[in-house]
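Have a look at the structure below, then the notes.
In my numbering, the protein residues as written are 11 to 825.
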């Protein structure tokens with residue numbers, strides 16, 4: 011009786027497990043007999059279909075999945091791992107019965123064996139010329155259930171091996187999040203979680219993998235450690251054994267928790283077909299590490315950020331890597347850039363070249379020993395266990411030329427720097443150094459890497475935006491860089507690629523050893539979006555956003571190969587332009603060089619309207635008007651916005667661009683801190699992007715200027731421009747535009763709108779201080795040297811909100 015209860019319990023467990031996994035893979039698990047879109051019959055539902063019942067009789071597999079109206083997939087489950095063969099035998103029997111009919115065809119079967127205590131193993135097979143063969147992905151037997159697209163491809167091709175099928179990144183990240191929670195419940199701290207995953211992955215490479223049925227946690231951990239050590243020893247990487255080795259919790263009460271966590275983690279890894287995925291072109295081990303880092307304060311303190319896979323892939327393809335290149339990453343982390351380089355060579359080379367490349371041409375250093383171990387694991391799964399990745403501080407190691415055992419050109423690590431430039435072997439560098447370390451600035455890593463390179467070699471590095479835009483030591487470094495090397499291209503990367511870490515980044519391409527020719531152009535690119543969106547705390551691929559990196563990739567690659575080619579400029583996106591010799595700030599960022607797109611008629615109209623709306627909201631709030639009034643005005647604005655028009659005489663064609671400092675004298679505010687100011691009568695404009703820039707009402711400190719109504723102010727933090735609705739004073743993180751000649755107040759609204767249209771040029775790394783704003787060009791309607799203020803006034807006064815503003819400020823007051 012207890013045995014039967016256990017069996018029943020196990021069957022229920024299997025039902026739950028299979029349904030959960032099919033749900034995750036995107037199958038519609040509803041009963042096809044009751045739902046037109048349903049795809050999964052359970053054991054008790056199979057016989058409700060007359061065609062299935064006619065051939066199965068009273069036999070009932072665990073599940074039958076409707077892949078198409080004709081093609082079915084049979085799943086049979088058993089209670090222990092040792093019964094996987096029996097599960098497959100029975101599934102083949104069910105398939106044979108169903109295949110005797112003419113309505114359905116079973117081409118795929120799966121056996122599921124296990125229970126909640128021990129986890130589940132899964133084997134799938136495809137029938138090929140009457141013979142059932144194991145389904146593989148990238149030459150590795152699958153260990154999880156199959157997605158609909160995988161089943162369809164198997165049926166269509168008749169080939170049991172799927173080569174590089176699309177991988178569900180969202181599912182990987184979701185699983186990594188679940189594993190992180192599982193290990194947290196198992197009392198595994200954040201710094202150790204990636205080690206657990208790595209040890210399990212290595213252990214899975216030995217025979218049938220770890221003896222997960224072992225109930226004694228200490229014996230299970232010992233088994234995992236022994237298997238992982240065996241793999242490392244075979245690959246000549248036994249020195250990393252201690253960095254992979256799992257430790258038992260000090261408290262025995264946590265042993266059971268750890269075993270449960272190991273079982274569940276192993277189950278999730280199998281469900282992802284992790285071995286097959288890690289042989290593909292992406293750094294999926296890095297995906298897990300990225301999730302674990304989100305919860306690790308130690309990683310944030312060290313400035314460690316994970317480089318997303320699509321960024322490493324972009325860099326490797328853009329920089330151009332061939333089988334004879336020697337690739338180096340002095341801060342390799344989990345090896346993402348090196349994986350991308352390896353995959354780039356695989357795209358165009360034969361087996362012998364690939365073997366030589368991975369053995370002799372891939373070099374990486376990582377200071378954190380635990381992270382270095384992950385990089386080793388990453389490369390082992392690509393058949394490159396005997397790689398040249400070491401744990402070391404890159405500043406204490408140098409890469410020098412060497413010869414391999416078969417005479418192949420290679421390199422090696424030494425304590426001494428290359429004796430001559432000729433002995434520097436590296437032709438390609440891909441790197442993302444730790445951000446914001448007090449001692450070792452990011453550009454120190456660039457200098458060190460360049461010193462390991464042959465003349466003419468190419469380097470790609472991700473740097474904080476500020477390194478390429480700020481003054482001080484960063485500016486001095488930029489100046490020195492151009493004296494010795496060539497800046498080829500700078501790409502502004504999406505601001506949230508390291509989400510949730512906030513670090514605005516740029517990707518920089520440099521040619522080693524050739525002083526920059528200032529007569530030659532640099533390729534400036536602004537990749538505002540990368541085909542990913544934030545969703546529930548994660549960044550995931552989305553068809554709703556453009557992938558600017560993919561768009562610019564062929565252009566960047568072609569330009570790096572030949573900077574003399576003609577590049578078609580695209581406003582706000584891409585331009586080839588010489589470095590501005592007159593730029594005292596030496597800003598080497600795209601936002602300083604890209605063109606502003608000509609604004610269409612409706613863009614100008616909406617820009618003016620938004621400035622007026624900010625002013626109106628300020629007046630309404632200041633005068634404590636009832637909310638109903640604002641609601642009525644908003645509805646009126648919506649009604650009038652349905653036909654975005656400006657006066658017929660107001661055209662944007664033929665407008666002339668002028669620098670702001672030609673039209674205005676730019677001044678900073680008079681004081682910095684508000685801390686010691688008492689409340690008072692004076693509106694005070696500061697860095698805020700709300701309430702028309704007014705942060706509050708304070709007394710006037712000594713030497714504070716009281717500015718008149720109607721002036722344009724710009725926040726040097728956000729770049730927002732406002733027209734002030736009353737006399738005001740300003741802090742020193744505000745720029746005030748003082749007209750050089752008398753100007754109507756209505757013109758100020760258009761000026762503010764045109765400044766706001768170029769807020770894309772500014773960020774935390776490039777703030778709109780006076781120097782930058784002075785050089786900003788805006789388009790306005792001119793008659794020779796005279797602004798067409800009649801047309802501007804007519805346009806502004808035709809917009810929503812104007813009547814309210816005119817009623818509530820003194821019309822006879824001028825700037």
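Glycine included, C-beta positions come from ideal geometry on N, C-alpha and C.
Cross-strand partners of residue i (DSSP beta bridge)
{"i": "residue 125", "result": "129"}
{"i": "residue 432", "result": "Answer is none; residue 432 lacks a bridge partner."}
{"i": "residue 706", "result": "694"}
{"i": "residue 723", "result": "732, 746"}
{"i": "residue 223", "result": "Answer by DSSP bridge pairing: none, since residue 223 is not bridged."}
{"i": "residue 171", "result": "146"}
{"i": "residue 408", "result": "424"}
{"i": "residue 474", "result": "515"}
{"i": "residue 761", "result": "The partner list for residue 761 (beta bridge, DSSP) is empty, contrary to what the question assumes."}
{"i": "residue 24", "result": "None; residue 24 has no bridge partner."}
{"i": "residue 413", "result": "419"}
{"i": "residue 497", "result": "520"}
Beta-carbon proximity list for residue i, same chain, < 6 Å, skipping 5 on both sides
{"i": "residue 339", "result": "347, 348, 374, 440, 441"}
{"i": "residue 635", "result": "Because the pLDDT at residue 635 is just 42, under 50, the model does not fix this residue reliably, and the point stays unresolved."}
{"i": "residue 825", "result": "Here the model assigns residue 825 a pLDDT of 39, short of 50, so the residue's position is not dependable, and the following value carries that caveat. Hits under 6 Å: 718, 720, 721."}
{"i": "residue 41", "result": "48, 55"}
{"i": "residue 818", "result": "629"}
{"i": "residue 483", "result": "none"}
{"i": "residue 39", "result": "29, 32, 33, 50"}
{"i": "residue 773", "result": "514"}
{"i": "residue 471", "result": "441, 456, 518"}
Beta-carbon proximity list for residue i, same chain, < 7 Å, skipping 5 on both sides
{"i": "residue 171", "result": "146, 149"}
{"i": "residue 713", "result": "680"}
{"i": "residue 110", "result": "65"}
Continuous beta strand (DSSP E) stretch holding residue i: start and end
{"i": "residue 862", "result": "The structure shown does not extend to residue 862, since the chain is modelled only from 11 through 825, so no value can be given for it."}
{"i": "residue 770", "result": "Counting along the chain, residue 770 falls outside any beta strand (DSSP E), and DSSP gives it neither H nor E."}
{"i": "residue 143", "result": "141-144"}
{"i": "residue 340", "result": "Unbroken run through residue 340: none, as it is neither H nor E."}
{"i": "residue 83", "result": "81-88"}
Per-residue burial, residue i [other beta carbons within 10 Å of its own, 16 or more giving buried]
{"i": "residue 218", "result": "exposed"}
{"i": "residue 716", "result": "exposed"}
{"i": "residue 191", "result": "exposed"}
{"i": "residue 574", "result": "exposed"}
{"i": "residue 406", "result": "exposed"}
{"i": "residue 166", "result": "exposed"}
{"i": "residue 637", "result": "Residue placement at residue 637 is flagged as unreliable, the pLDDT there being 47, under the threshold of 50; a coordinate-derived value is accordingly withheld."}
{"i": "residue 125", "result": "buried"}
{"i": "residue 154", "result": "buried"}
{"i": "residue 541", "result": "buried"}
{"i": "residue 815", "result": "buried"}
{"i": "residue 262", "result": "exposed"}
Sub-8 Å separation of residue i and residue j beta-carbons
{"i": "residue 328", "j": "residue 350", "result": "no"}
{"i": "residue 589", "j": "residue 565", "result": "no"}
{"i": "residue 692", "j": "residue 708", "result": "yes"}
{"i": "residue 134", "j": "residue 120", "result": "yes"}
{"i": "residue 515", "j": "residue 473", "result": "yes"}
{"i": "residue 85", "j": "residue 75", "result": "yes"}
{"i": "residue 479", "j": "residue 504", "result": "no"}
{"i": "residue 421", "j": "residue 336", "result": "yes"}
{"i": "residue 343", "j": "residue 385", "result": "yes"}
{"i": "residue 273", "j": "residue 129", "result": "yes"}
The alpha helix (DSSP H) enclosing residue i, as first and last residue numbers
{"i": "residue 827", "result": "Not covered by the structure: residue 827. The range shown for the chain is 11 to 825."}
{"i": "residue 386", "result": "379-390"}
{"i": "residue 562", "result": "558-571"}
{"i": "residue 803", "result": "799-807"}
{"i": "residue 485", "result": "483-494"}
{"i": "residue 253", "result": "251-254"}
{"i": "residue 272", "result": "265-281"}
Any chain B beta carbon closer than 8 Å to residue i
{"i": "residue 444", "result": "The structure shown contains no chain B, having only a single protein chain."}
Residues of its chain near residue i, where Cβ-Cβ distance is below 8 Å and the 5 sequence neighbours each way are ignored
{"i": "residue 198", "result": "206, 268, 271"}
{"i": "residue 870", "result": "Within the shown structure, residues of the chain are numbered from 11 to 825, placing residue 870 beyond reach of any answer."}
{"i": "residue 467", "result": "436, 437, 438, 439, 521, 522, 523"}
{"i": "residue 710", "result": "690, 692, 716, 739"}
{"i": "residue 434", "result": "409, 410, 411, 428, 461, 462, 463, 464"}
{"i": "residue 813", "result": "none"}
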